[in-house]
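Q: Residue numbers (mature numbering (1 follows the signal peptide of the UniProt record, and there is no 0)): -24 to -1, 1 to 332.
Got a structure for you, questions after.
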Amino acid sequence: MYCVNKTALFLYFLSFLQIWSHTAFIVDKKDECVLIQNCSHVNAILKTKKDTFAGTTLLTLLHCKFEYNRIYVKCPDSQQVTKFMDSGELIPNYDSCGVELPVPKMLIEGGEPTCIGDYPWIGLIKYRTKKGTMLYGCHGSLITKRYLLTAAHCVDPNMLNLVGRNLTSVVLGEYDVWSETDCMLDDCADKIQDIPVESYHMHPDYKLSTFTDDIALIRMSREVEYTDFIKPICLPPKNLITPFNETLLIAGWGDTEHGVMNRFKVQAKFMLRHRETCRVNRKLTTKQYCVGSTHNAQTCPGDSGGALMLRKVLDESRLFLIGVYSLGVGCHFNSNTSIFTKVSSYVEWVVTTIHK
């Protein structure tokens, strides 16, 4: 079994420290910095809930010193700690996000089919046209039981008015869009969950004209039920550094070269490219990734809002959401360059928006 060094893991969670300074949980600067063993109610969380997102974020917020392999924390009122731990809609535990069904993987070459249990966090965003027709137009990634992370242009009312669409719902657990029941050999998935959109939150700095800060959250009208085929993906640490030689993954139902939506969920390998050599007609910011496929796979308009994923952040067993598909030349032209919004630059905004 692959193990992660506990000290390294704790320091990894400290990367979220600045994020939680904006939440409703207030730490009094006058509180003494004490050994965690001397704060019984916080120490109990370390012993029993250190692997949950609520536990790690609380410990991160209260952490004030790490000396001689000993953890020091502020020690607030126990009722305040209990209220924080009981708050709803927290980001999933790191032992339950970014994990797929343990099935043999198909090759990922130029947009190959996936297995039905692959990438269970990828959702389809459904729209209604002016004629009343329902259709899929964007992708999103499930990050909690109520929230999907996607591109801002997928929910932007100005953009939707231009194309004559209204945002209606999110579909999760899908694999074969032609089939009501998805099966592969003797393995059949649960029914899809089609959940109405309650609200959406575009990043306040998003600009349609430049596609900068092209990221948004969709809040569903009710919690999704997690299954083997519907699970959340992990958010990256704020200080994530992605090597240029690292293999990245995308998956979804984007258009084929004939302009038709793929029937099955497909996948492809990508790698980062330097912003200076990216073949797009705009200057990129440090909050954007330029990526290109390792073969001839190309993202298409139907991939908007889709996930750019990376393993090896903590270990090989889970995937992290590092990018949201924003724009690209597309698969109808002789280029496979695409632009993704860099999720690690927006983790603070994501977390604080969810907890408002």
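Where a beta carbon is used, it is the ideal one built from N, C-alpha and C, also for glycine.
Nothing here was measured: the structure is a model prediction, and the numbers come from that model.
Enumerated in chain order, which unbroken segments of the beta strand (DSSP E) with a length of 3 residues or greater are wholly contained in the segment 177 to 230?
A: With a minimum length of 3 residues, the continuous beta strand (DSSP E) runs that stay inside the segment 177 to 230 are 192 to 196 and 224 to 228.
Q: If you follow the alpha helix (DSSP H) that Lys330 is in, where does it begin and where does it stop?
A: Here residue 330 turns out to be Ile, not Lys, going by the sequence shown. Val323 to Ile330 is the span of the alpha helix (DSSP H), which, as asked, contains Ile330.
Q: Secondary structure at Ala127, three-state DSSP: helix, strand or coil?
A: Ala127: coil per DSSP, three-state reduction.
Q: Of the choices Asp152, Gln243, Ile298 and Ala128, whose alpha-carbon is the least far from that of Ser185?
A: Residue Ala128 is the option with its Cα nearest to Ser185.
Q: Can you look up Ile92 in the DSSP assignment and give me helix, strand or coil?
A: The answer is coil: DSSP assigns Ile92 none of H, G, I, E or B.
Q: With a 10 Å radius around its C-beta and 16 neighbouring C-beta atoms as the bar for buried, classify Gly64 as buried or exposed.
A: Unreliable placement is indicated for Gly64, whose pLDDT of 42 sits below 50; no coordinate value is reported for it.
Q: Any idea if Ser314 is buried or exposed, counting beta-carbon neighbours within 10 angstroms, 16 or more meaning buried?
A: Ser314 should be labelled buried.
Q: DSSP puts Leu38 in a beta bridge; with which residues?
A: For Leu38, which the question treats as bridged, DSSP gives no partner whatsoever.
Q: Mapping DSSP to helix, strand and coil, what is Val153?
A: Three-state DSSP puts Val153 in coil, outside helix and strand.
Q: Count the other CB atoms within 10 Å of the CB of Asp279; is the residue buried (16 or more) or exposed (fewer)?
A: Flag for Asp279 reads buried.
Q: Inspect the beta-carbon positions of Ile119 and Leu37 and report whether they are closer than 9 Å.
A: Cβ atoms of Ile119 and Leu37: not closer than 9 Å.
Q: What is the rounded straight-line gap between the Cα of Cys114 and the Cα of Phe316?
A: For Cys114 and Phe316, the distance between alpha carbons rounds to 14 Å.
Q: What's the C-alpha gap between Gly140 and Gly108?
A: If I take the Cα positions, the gap works out to 10 Å.
Q: Ends of the alpha helix (DSSP H) at Ile168?
A: First-last for Ile168: undefined, no H or E at that position.
Q: Here's the rule: buried if 16 or more other CB atoms are within 10 angstroms of the residue's CB, otherwise exposed. What is Val326?
A: The residue is buried, with at least 16 neighbouring Cβ atoms inside 10 Å.
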